[in-house]
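Participant:
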Amino acid sequence: MNDLWLITIAWRLDRLRWVPRTTLAEIVQRDGSCMSVTTTDEPSWQGEHLTNRELATRLCEGCPVQDECLELELRTAGEHTVGVWGALAEDDRQQLHPYWLQRGDRVDGREADGGLRP
3 MNDLWLITIA WRLDRLRWVP RTTLAEIVQR DGSCMSVTTT DEPSWQGEHL TNRELATRLC
63 EGCPVQDECL ELELRTAGEH TVGVWGALAE DDRQQLHPYW LQRGDRVDGR EADGGLRP
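Residue numbers (the numbering used here): 3 to 120.
This is the structure:
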């Protein structure tokens with residue numbers, strides 16, 4: 003991802019700076035598209051060989067809480083983020099993390115809190 007794109011994403015997340023982590027977790031758990039998938043659902047792309055970015059795009063396509071999910075993951079895992087969160091692959095979130103940190107403090111601080119992961 004280029005710097006301008008990362009800065010734009012970090013700026014977009016500013017609107018969530020003062021939303022507590024517990025609230026973000028509730029929103030993601032309640033409204034996240036990935037939270038409504040059951041083990042009996044098989045995605046149409048199952049078995050395809052996808053890059054992490056392609057997987058992130060497919061998993062999060064149309065999800066109404068991508069920003070909330072991304073903000074929550076950056077707060078809880080920080081630079082140690084793994085998997086797919088907020089429609090971004092982990093390497094993209096790792097690149098985003100320093101830009102996100104530059105945007106300022108959050109209501110709950112920046113420390114990791116793995117207990118709130120959806």
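All residues carry an ideal CB built from backbone N, CA and C; glycine is no exception.
1) Have a look at TRP102, THR25, GLN104 and ASP110 and flag the residue whose alpha-carbon is nearest the alpha-carbon of VAL67.
2) Where do the ends of the alpha helix (DSSP H) carrying CYS2 lie?
3) Does ALA91 come out as helix, strand or coil in the three-state DSSP assignment?
4) Roughly how many angstroms separate the alpha carbons of GLN97 and ARG23, rounded to a whole number?
5) Here's a check: name, in chain order, each residue in its chain whose Cβ is nearer than 8 Å to the Cβ of GLY64, leaving out the five neighbours to either side.
6) Along the alpha helix (DSSP H) that carries ASP107, what are the first and last residues, could you check?
7) Can you check whether the CB of TYR101 is closer than 9 Å to the CB of ILE9?
8) Report the CB separation of ASN54 from GLU92 in whole angstroms; it is logged as a contact under 8 Å.
9) DSSP three-state label for VAL84, please.
10) Considering TRP13, what are the terminal residues of the alpha helix (DSSP H) in which it resides?
Facilitator: Here's the rundown:
1) The candidate whose alpha carbon is nearest that of VAL67 is THR25.
2) Because residue 2 is not part of the residues shown, which for the chain are 3 to 120, the question remains open.
3) Taken through DSSP and simplified to helix, strand or coil, ALA91 comes out as strand.
4) Those two C-alpha atoms are separated by around 22 Å.
5) So the list reads SER35, once near-sequence residues are dropped.
6) Here ASP107 belongs to no alpha helix (DSSP H), and DSSP marks it neither H nor E.
7) For ILE9 and TYR101, yes; Cβs fall inside 9 Å.
8) That belief holds up - the Cβ atoms of ASN54 and GLU92 are roughly 7 Å apart, short of 8 Å.
9) In the structure shown, VAL84 adopts coil according to DSSP, grouped into three states.
10) Boundaries of the alpha helix (DSSP H) around TRP13: 5-14.
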